[in-house]
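Right, one structure below, let's go through it.
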Amino acid sequence: MAQPEDVMDEALANELNTDDSMAGTTHLNDSVEEESEYEKLRAELNDAKDKYLRLVAEFENFRKRNAKERMELTQTAGKDIIQSLLDVVDDSNRATKQMETTTDINMIKEGVSLVFNKLRNTLQQKGLKAMDSINQPFDADLHEAITEIPAPNEDMVGKVIDVIQPGYYLNDKLIRHAKVVVGK
């Protein structure tokens with residue numbers, strides 16, 4: 029006769045294992061679906077980490093390349109203006125040599141005037157524009173007051189009477205304030 033414990037074990041095995049084609053221990057030892065889902069999520073996480081690391085590396089390379097390009101740009105930013113000024117330097121050298129041998133003062137004046145006009149035209153072509161300050165109202169954003177003097181008439185109070193050093197714009201951006209005398 030079967031022992032009561034054997035009957036109990038058999039009943040429990042039948043209760044836990046409703047699939048008749050499998051032995052009770054096989055059914056209990058199979059991988060749980062949760063474990064495969066865990067592995068799937070783990071793989072997705074690893075893929076996401078890999079993508080993140082690649083993006084970080086790509087961004088870092090972009091940042092370094094951008095910094096290098098900016099450095100090269102700043103190093104060669106003045107190249108265009110310097111090249112255009114070389115003609116003026118050459119003309120100045122020729123004028124200096126001519127001054128050593130020429131005694132005609134009018135010829136020297138004309139040569140200096142030509143070199144200066146070429147310099148001014150070259151700078152204007154590059155976007156330099158002199159500020160017109162005389163008789164303009166004093167503006168602290170544009171002018172630097174060197175001194176104040178009594179205004180010659182009532183209309184000149186608070187206006188620029190004289191320019192000690194002109195101000196300049198480069199492509200409509202102020203690059204040097206005008207040093208001026210203001211009427212009070």
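Sequential numbering of the sequence shown, starting at 29, is according to our numbering. Ideal placement from N, C-alpha and C gives every residue a C-beta, glycine not left out.
Closest by C-alpha distance to residue i, when choosing among the options
{"i": "residue 112", "options": "153, 180, 178", "result": "153"}
{"i": "residue 197", "options": "169, 82, 183", "result": "169"}
{"i": "residue 155", "options": "201, 134, 183", "result": "201"}
Whole-angstrom C-beta distance between residue j and residue i, which should lie under 8 Å
{"i": "residue 123", "j": "residue 143", "result": "5 Å"}
{"i": "residue 130", "j": "residue 136", "result": "6 Å"}
Extent of the continuous alpha helix (DSSP H) to which residue i belongs
{"i": "residue 126", "result": "107 to 129"}
{"i": "residue 137", "result": "133 to 153"}
Proximity of residue i and residue j at Cβ, strictly below 8 Å
{"i": "residue 195", "j": "residue 179", "result": "no"}
{"i": "residue 191", "j": "residue 210", "result": "no"}
{"i": "residue 116", "j": "residue 150", "result": "yes"}
{"i": "residue 208", "j": "residue 161", "result": "yes"}
Cβ shell of residue i (< 8 Å), same chain only, five flanking positions each side left out
{"i": "residue 212", "result": "176, 177, 178, 179, 185, 186"}
{"i": "residue 134", "result": "none"}
Enclosing beta strand (DSSP E) for residue i [first to last residue]
{"i": "residue 211", "result": "206 to 211"}
{"i": "residue 193", "result": "188 to 193"}
{"i": "residue 176", "result": "171 to 177"}
{"i": "residue 168", "result": "Residue 168 -> no beta strand (DSSP E), and no H or E assigned at all."}
Close-in-space but distant-in-sequence residues of the same chain around residue i (CB under 6 Å, 5 per side omitted)
{"i": "residue 120", "result": "143"}
{"i": "residue 204", "result": "195, 196"}
{"i": "residue 147", "result": "116"}
Check: residue i C-beta below 7 Å from any heavy atom of the ligand ATP
{"i": "residue 137", "result": "The model on display carries no ligand, and the ligand ATP is accordingly not part of it."}
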